[in-house]
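Chains as they are written, first to last, in the numbering used here: chain A, 1 to 152; chain B, 1 to 430. Don't be surprised by glycine CBs; every beta carbon is placed ideally from N, CA and C. What you are looking at is a predicted structure, and each value in this text was computed from that prediction instead of being measured. Scroll down for the structure; my scribbles are underneath it.
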Amino acid sequence: MRWGSRAKNIWISLFVVVWTLVFHYESVRFFYLNPFFHRELPKVKFLFPPAGWIMFFNLDESYGMAEVYGVKKGRPELIDPHEIFATQAIGYDNIHRNVLSSVLYPQRKEDFCRFLKRKFPFYDGFLVAAVYYPSIIKEPAKKLYRVVYQCP
Amino acid sequence: MPVKTQKLWNRLFLGYRSSLGLSFFRIFVALTVGFHVIPSFFHLEDNYLSTAFKETNLSFFTPSVIHWIQQSPDWLIYFFVSFFLLYWFFFLIGLYSQVSGILMMIGCYYFYALNSFHIGTLSWDILLVTLFLMCVTGYHGDYFSVDALRQGNRFVYKKKKPYFIQRLLQMQIAFNYFYTGLYKITAQGNWLSDNPLYYLWNYPPEGVTKQFLFREFFASRPELCYWMGIGIVSVELLAPILLFWPRTRVFAIGMGFFFHILLITTLHVPTIFFFLFPAQLLLFVNPDDILAWIKKKRKDNHDSGRSQIIYDGKCHFCRWSVQKLLTMDLLGTLKKVDYHDHDDPSKLHLSLNKEICHSQLHLIEPAGKIYGGFFIFRRLCLRLPMLYPFIPIVYFPGSGIVGPSVYRWVAKNRYLLHFSGECQDNTCFR
Numbered sequence: 001m002r003w004g005s006r007a008k009n010i011w012i013s014l015f016v017v018v019w020t021l022v023f024h025y026e027s028v029r030f031f032y033l034n035p036f037f038h039r040e041l042p043k044v045k046f047l048f049p050p051a052g053w054i055m056f057f058n059l060d061e062s063y064g065m066a067e068v069y070g071v072k073k074g075r076p077e078l079i080d081p082h083e084i085f086a087t088q089a090i091g092y093d094n095i096h097r098n099v100l101s102s103v104l105y106p107q108r109k110e111d112f113c114r115f116l117k118r119k120f121p122f123y124d125g126f127l128v129a130a131v132y133y134p135s136i137i138k139e140p141a142k143k144l145y146r147v148v149y150q151c152p
Numbered sequence: 001m002p003v004k005t006q007k008l009w010n011r012l013f014l015g016y017r018s019s020l021g022l023s024f025f026r027i028f029v030a031l032t033v034g035f036h037v038i039p040s041f042f043h044l045e046d047n048y049l050s051t052a053f054k055e056t057n058l059s060f061f062t063p064s065v066i067h068w069i070q071q072s073p074d075w076l077i078y079f080f081v082s083f084f085l086l087y088w089f090f091f092l093i094g095l096y097s098q099v100s101g102i103l104m105m106i107g108c109y110y111f112y113a114l115n116s117f118h119i120g121t122l123s124w125d126i127l128l129v130t131l132f133l134m135c136v137t138g139y140h141g142d143y144f145s146v147d148a149l150r151q152g153n154r155f156v157y158k159k160k161k162p163y164f165i166q167r168l169l170q171m172q173i174a175f176n177y178f179y180t181g182l183y184k185i186t187a188q189g190n191w192l193s194d195n196p197l198y199y200l201w202n203y204p205p206e207g208v209t210k211q212f213l214f215r216e217f218f219a220s221r222p223e224l225c226y227w228m229g230i231g232i233v234s235v236e237l238l239a240p241i242l243l244f245w246p247r248t249r250v251f252a253i254g255m256g257f258f259f260h261i262l263l264i265t266t267l268h269v270p271t272i273f274f275f276l277f278p279a280q281l282l283l284f285v286n287p288d289d290i291l292a293w294i295k296k297k298r299k300d301n302h303d304s305g306r307s308q309i310i311y312d313g314k315c316h317f318c319r320w321s322v323q324k325l326l327t328m329d330l331l332g333t334l335k336k337v338d339y340h341d342h343d344d345p346s347k348l349h350l351s352l353n354k355e356i357c358h359s360q361l362h363l364i365e366p367a368g369k370i371y372g373g374f375f376i377f378r379r380l381c382l383r384l385p386m387l388y389p390f391i392p393i394v395y396f397p398g399s400g401i402v403g404p405s406v407y408r409w410v411a412k413n414r415y416l417l418h419f420s421g422e423c424q425d426n427t428c429f430r
């Protein structure tokens, strides 16, 4: 075998080995390796999700989401979430993927209120509420509401 | 290393095969990236500019990178939108494939760091892993690309390249399925102990489940949902075996297609699941089998009679154009014929004479039908896979009127379009 081909094969083999190790390490790090070693192992930055390939891995019979109300003359009106985040993805609806729920974190209040005021200047203020279905099976119509924060 | 292990390693990763499949896959990677990112550009104020509602992914990026990117003034964001669109398009058409892939990926990272709220999903992270592997080499530009046309080698699709990237992409998707299944039944997954599919079908209207046919039927049958869930997990866990074992490979690819169609019709999941993964499954088709199929088709076309492209062999631009058409002619349906080689062109077709042959290209199909100028291009768009993207343009209402004028203008000014001395005085056109 020529030296050039040999060197190429060595590089390819090294790449394959390193890539395979990193790929499987990141696939099991969060849920398997961290508990096994009782510590948080380093994550490979700039590639790979935070906790492996966990698509729909845990679902229970409760369901939670966020609702945003615009307040005008003291009366709250439900704002269509598609008007809040108007980006139309191709083939699916991001609102149905519950993107709005991330505004429920109290630390997001300041940013989200600023955003709402810019988008809906005709409201006097806003209410951000958490909506919770305790059991979509036993009591599908039962919805619990809690105002998480208000935008003045 | 024992000889057997070395042989296996060589076969798995160090072999050389055609990168035709990888080139085809590039188009789907580009489309997936485009479909995912570009819609977010329609609302820059909401998504990226200083007025946007932003979310940052600190587990993916380092805080310093996030901080650095977040400092972007609006003009820089506009610049990166143009930058991304340009290199995304280059990557899609395969122009400087590897470089444009890398630059497009930089654009992806930029917008992901700027705001992960819309584009940051688990499937997006999978897409970035795929994109990283794609960018390691430029083999994905070997065919179905402008790069292939620039090279002008009609048999470039046969050129063999190291197979390791395609193998790693195969491993990636197979183990994505495997780990997805594993997480459903271990760690905090509850697909064995509970009935997630049943809950999913019963989600409220605001939830992730679409209103699909038979939803009510499944939503009222918990036991059926449970066993469907077990079935899904079983197939996911077996995916590496089913995909890598040649005997079950076709079945596994078919199952994968079915699964992704089911996923996109029942759930609001990113289209990455639909555009990327099925195409990635096709990487399991052995390139040698694809080449053998192409070879057979070329032979069949040769035996049953090919269409003839009648061109002016003394015109450099015409030779150049025909060469490009032959490069695109994967299945060998065309045969080039220089009309100068024939004393009497009417023997090729009754409607032809030297004057007519000189004025424009002609295509004579095996059944004897003849096309000229723009209508050749229209005809070939249906036949040459690399011209498929032009079908909506050449069949757009009115293109039959505009197209011939454009063709005639190009033919008349063809000396402007190349650097050959032969046509610079436009003598090629009469």
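Residue i, DSSP secondary structure in three states
i      : result
B:H140 : helix
A:E77  : strand
B:K210 : coil
B:S50  : coil
A:A66  : strand
B:I290 : helix
A:V71  : strand
B:A148 : helix
B:R154 : coil
A:A89  : coil
A:R146 : strand
B:R430 : In this predicted model, B:R430 has a pLDDT of only 44, less than 50, meaning its place in the structure is not dependable; the value taken from the coordinates is given anyway. In the structure shown, B:R430 sits in coil (DSSP, three-state: anything other than H, G, I, E or B).
B:L350 : coil
B:V285 : coil
A:A129 : strand
B:L267 : strand
B:G120 : coil
B:Y395 : coil
B:I93  : helix
A:C151 : strand
B:Y203 : coil
B:Y475 : In the structure as shown, chain B begins at 1 and stops at 430. Residue 475 of chain B is therefore absent and cannot be evaluated.
CB contact below 8 angstroms: residue i versus chain B
i      : result
A:S101 : no
A:L78  : no
A:G92  : According to the sequence as given, residue 92 of chain A is Tyr; it is not Gly. At least one chain B Cβ lies under 8 angstroms of A:Y92.
A:N34  : no
A:W3   : no
A:Y149 : no
A:R118 : yes
A:K43  : yes
A:Q107 : no
Option nearest residue i by Cα separation, candidates the options
i      : options                           : result
B:F244 : B:L169, B:S193 and B:V3           : B:L169
B:I261 : A:V28, A:M65, A:G91 and A:F120    : A:G91
B:Q172 : A:R2, A:W3, A:I10 and A:T20       : A:T20
B:P404 : B:H302, B:F41 and B:F375          : B:F375
A:C113 : A:D80, A:Q150 and A:E83           : A:Q150
B:E55  : B:S100, B:G34 and B:H118          : B:H118
B:L224 : B:T248, B:Y199, B:V208 and B:K210 : B:Y199
A:V22  : A:E40, A:I136 and A:G52           : A:G52
B:G94  : B:G141, B:L238, B:V33 and B:R215  : B:G141
B:P270 : A:N98, A:A130 and A:V128          : A:N98
B:V208 : B:Y163, B:L237 and B:I264         : B:I264
Beta carbon proximity, residue i to chain A, threshold 8 angstroms
i      : result
B:N176 : yes
B:S40  : yes
B:F13  : yes
B:A367 : no
B:Q98  : no
B:H118 : yes
B:T5   : no
B:I393 : no
B:P345 : no
B:Y16  : no
B:S59  : yes
Opposing strand residues paired with residue i [DSSP bridges]
i      : result
B:S18  : B:K160
B:Q308 : B:K335 and B:I364
B:F251 : Paired residue(s): none; B:F251 is not in a bridge.
Residue i beta carbon near the ligand GTP (any heavy atom closer than 7 angstroms)
i      : result
A:F115 : Of ligands this structure carries none, so the ligand GTP is not represented either.
Short-range partners of chain A found in the region 196-208 of chain B, where Cβ spacing is below 7 angstroms: Within the region 196-208 of chain B, the residues whose Cβ lies closer than 7 angstroms to some Cβ of chain A are P196, Y199, L200, N202, Y203, P204, E206, G207 and V208, listed in chain order.
Going along the chain, which residues of the region 55-75 of chain A sit with their C-beta nearer than 7 angstroms to a C-beta in chain B? Listed by position along the chain: M55, F56, F57, N58, L59, D60, E61, Y63 and M65.
Interface positions of the region 123-135 of chain B facing chain A (Cβ-Cβ less than 7 angstroms), listed along the chain: Sequence-ordered contacts of the region 123-135 of chain B with chain A read D125, L128, V129 and F132 [C-beta pairs closer than 7 angstroms].
Taking a cut of 7 angstroms between CB atoms, which residues from the region 270-288 of chain B lie near chain A? Correct list: P270, T271 and F274.
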